[in-house]
Amino acid sequence: MSAPLLSINGLGVHFGGLAALSDVDIELNKNEVVGLIGPNGAGKTTLFNALSGLVSCEGNLELEGKSHEWPQPNELVDLGISRTLQGVGLFPDMTVLENVMIGATKFATGGLIRSALGLDIRTEKVLRSLAMDALAKVSCTGIADRKVDSLPYPTTKRIAIARALVSDPKILLLDEPAGGLGAEDIEWMNSFIDVISNRCSILLVEHHMDVVMSVCDRIYVLNFGKLIASGTPEHVRNNPDVIEAYLGSSAGKQ
Amino acid sequence: MRLFSTLLIGLSSGAIYSLMALALVLVWRSTRVVNFAQAGQAIASTYIGYLVISRTDNYWLALPVALVAGALIGALVDVALIRTLNKRVKSGPAAEMAPVIVTLGLLGLIRSTVGMIWGGDLKAYKAPVTNHGFTFGTTTIPFSPYNLLIVITAVIVMAVFSIIFQKTNLGLSLRAAAFQPEIARLAGVRVDLVRTIGWAFAGGAGAVAGVLVTPSNSLSPNSLDLLLVLGFVGAVIGGLESLLGAAIGGVVLGIGLAFILEYVSTSLAFPSAFIVLILVLLIKPSGILGKKGGRGA
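These protein sequence lines are chains A and B, in that order.
Be aware that the first sequence starts at 12, since it is given in this note's numbering, and climbs by one per residue.
Be aware that the second sequence starts at 221, since it is given in this note's numbering, and climbs by one per residue.
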């Protein structure tokens with residue numbers, strides 16, 4: 012079997028004296044959809060942030076079997092990794108198309124200076140058509156020229172995914188893609204994840220258990236910054252530690 | 221006629237305020253620094269333009285040379301000072317204050333360096349076209365071909381900016397980096413480089429303002445200080461975040477001052493600019509033209 016696309020070993024993140032993550036191992040193989048679940052504060056998004064260079068961390072990172080430094084945020088796309096953000100993270104004053112084009116910046120071959128001098132009309136066209144292709148994947152070409160702040164929330168989630176896909180990533184990090192969506196949109200997201208998993212591998216943080224159980228090949232469960240279980244959805248669903256972590260946290264909330 | 225002529229004179233001085241306002245807004249948007257050194261960067265660039273004019277007697281060569289020099293100085297200030305400061309002081313009150321104080325110090329440093337090189341005495345150079353007003357029949361209005369040149373040059377600079385910001389990938393990156401740098405980074409935008417380009421654009425705009433305004437005043441190490449303040453007023457009227465706002469804010473200020481100078485009193489004109497500055501900040505800090513929390517192009 013070939014080396015996993017992404018392999019994280021002994022990941023630790025500390026905020027002051029608090030360990031947000033400790034000794035976490037994660038693997039993601041080609042065309043796999045892997046879920047990352049756990050109660051609030053378990054460290055799921057922190058793991059994404061560590062992988063995107065937003066927080067400093069310790070541990071080893073391997074990409075396609077090769078050891079790699081933890082990337083800086085702006086290196087991520089060049090490494091073939093894209094992510095969406097919990098809060099959608101779009102630019103509200105820009106159009107849908109512009110938002111997606113930003114994700115395609117890595118294909119701007121002419122460089123920024125040429126672009127400033129207006130020498131790069133061809134690149135502009137290429138970026139535009141890549142962005143339109145990505146919008147087509149999420150069925151949003153019709154609203155390409157609308158401003159994002161005029162759109163309903165579920166639509167903005169699709170656009171955020173289009174922006175992540177436009178760079179043609181090998182690894183897609185989805186942070187709560189179903190969060191805040193109604194049943195119909197969740198249905199769409201489910202089948203959409205199935206479709207794009209043919210093109211790239213997906214690491215997914217999600218609270219909606221239905222989504223996680225139906226789309227994921229494997230699941231990792233985090234609690235208080237530590238891995239408490241991993242395996243197939245079936246295996247994880249019946250794991251007593253997982254059940255306790257979830258019951259414990261929801262009991263604690265009430 | 222008097223009304224019309226005052227309007228045109230206001231438009232001409234307003235065009236220069238707009239360029240300075242644009243420079244300040246570009247830097248504010250890209251790095252969240254209130255750049256007092258903008259006047260220093262502009263004065264250094266203008267002296268370089270002056271050097272070209274005194275050697276070649278060619279204003280049309282001096283303008284682009286000053287523009288490029290201004291852009292390079294702007295980029296240098298960002299790379300050498302602001303970027304380094306941002307890396308060293310990441311949070312706390314010092315992180316916000318330090319760059320601003322540094323630009324204030326830099327303003328003093330550039331002024332005294334310019335004074336050491338060229339001396340503190342007043343220099344002057346002529347505009348490439350006459351500053352004698354246009355004549356209609358028997359009346360001559362104050363608005364001259366030189367004023368027209370100022371307006372046209374400013375309009376060209378702003379048109380170029382507008383095309384870059386609205387139509388190019390660089391413009392998109394500049395806007396993204398200004399809005400939400402972290403998200404822009406994650407999407408693959410090289411935010412540091414883009415910011416430096418923002419500083420370079422600002423330096424270029426400030427240099428053009430300096431070279432344009434100097435024929436009607438004179439050149440000394442602190443001859444652009446008032447322009448800096450008026451540029452701030454224009455930027456604040458425009459809401460600090462918007463390039464279009466800065467352009468309009470500068471013109472509104474220029475026309476307002478021209479009317480006060482012409483119809484009210486010479487001595488009241490500049491105090492009223494400061495009153496406008498304070499009132500806008502007190503009553504509508506997002507600017508008369510700014511929208512709440514908005515950051516359009």
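Virtual Cβ for every residue (Gly too), placed ideally from N, Cα, C.
Neighbours of V299 (chain B) in chain A, taken as residues at a C-beta separation under 8 angstroms, are lacking, since the least C-beta distance is about 15 angstroms. The beta carbon of T106 (chain A) sits no closer than 8 angstroms to any beta carbon of chain B. Of B:G458, B:N278 and B:G430, the smallest CA-CA separation from L447 (chain B) is found for B:G430.
The beta carbon of L39 (chain A) is closer than 7 angstroms to those of P15, L16, L17, V45, I182, S212 and L214 in its chain, skipping five residues each way along the sequence. Chain B places no beta carbon closer than 8 angstroms to that of P82 (chain A), leaving this residue out of the contacts. The continuous stretches of beta strand (DSSP E) do not include Y345 (chain B), and DSSP gives it neither H nor E. By the criterion of a C-beta distance shorter than 8 angstroms, I197 (chain A) is surrounded in its chain by A189, H219, D221 and V222, once the five residues flanking it on both sides are discounted. Here P180 (chain A) is buried, its C-beta having at least 16 other C-beta atoms within 10 Å.
One alpha carbon belongs to L488 (chain B), the other to A478 (chain B), and they sit about 11 angstroms apart.
Residue pairing by DSSP places F26 (chain A) opposite A:L29 in a beta bridge. Contact with chain A is found for I403 (chain B), since one of that chain's Cβ atoms lies less than 8 angstroms from the residue's Cβ.
Proximity of the segment 447 to 465 of chain B to the segment 226 to 244 of chain B meets the contact definition, three or more beta-carbon pairs being nearer than 8 angstroms. At a Cβ-Cβ threshold of 8 angstroms, L141 (chain A) and V88 (chain A) do not count as neighbours. Taking the Cβ atoms as the reference, Y366 (chain B) lies roughly 17 angstroms from V377 (chain B), outside the contact range of under 8 angstroms. Here T355 (chain B) is bridged, per DSSP, to B:T360.
Counting along the chain, D179 (chain A) sits inside no alpha helix (DSSP H), nor does DSSP assign it H or E at all. Approximately 5 angstroms separates the beta-carbon atoms of P244 (chain A) and M224 (chain A); this is inside 8 angstroms, confirming the contact. Closest by C-alpha distance to D104 (chain A), out of B:I372, B:V285 and B:S462, is B:S462.
With distances taken between CA atoms, G260 (chain B) lies nearest to B:I330 out of B:F385, B:Y483 and B:I330. The shortest C-alpha to C-alpha distance from H246 (chain A) to any of A:Y231, A:I204, A:W199 and A:Y257 is the one to A:Y231. Contact annotation: A262 (chain B) and A420 (chain B) have beta-carbon atoms that are not nearer than 8 angstroms. Boundaries of the beta strand (DSSP E) harbouring G46 (chain A): V44 to I48, taken from the DSSP string. Proximity of the segment 392 to 411 of chain B to the segment 70 to 77 of chain A falls short of the contact definition, fewer than three beta-carbon pairs being nearer than 8 angstroms.
Think of a sphere of 9 angstroms around the beta carbon of A396 (chain B): the chain A residues whose beta carbon falls inside it are F102, M105, E109, N110, I113 and T116, in chain order. About 7 angstroms separates the Cβ atoms of K237 (chain A) and D34 (chain A), confirming a contact at the 8 angstroms cut-off. For I384 (chain B), the enclosing alpha helix (DSSP H) stretches over residues P365 to K387. In the three-state DSSP reduction, T106 (chain A) falls in the strand class (E or B). V375 (chain B) counts as exposed, since fewer than 16 other C-beta atoms from the protein chains shown sit within 10 angstroms of its C-beta. If the five residues before and after A404 (chain B) are omitted, its C-beta is found closer than 6 angstroms to the C-beta atoms of A396, A397 and V411, all from its own chain and listed in chain order. Taking a C-beta distance under 8 angstroms as the contact criterion, A291 (chain B) and G269 (chain B) do not qualify as a contact pair.
Remark: C-beta atoms of P435 (chain B) and A318 (chain B) do not approach each other more closely than 8 angstroms. Proximity of D89 (chain A) to chain B, defined by a Cβ-Cβ separation below 8 angstroms, is satisfied. Taking 8 angstroms as the CB threshold, V428 (chain B) stays off the interface with chain A. Look at N437 (chain B): its C-beta is not under 8 angstroms from any C-beta on chain A.
At a cut-off of 8 angstroms between beta-carbon atoms, G408 (chain B) makes contact with chain A.
If you check each beta-carbon in the segment 218 to 248 of chain A against every beta-carbon of chain B, none falls closer than 8 angstroms.
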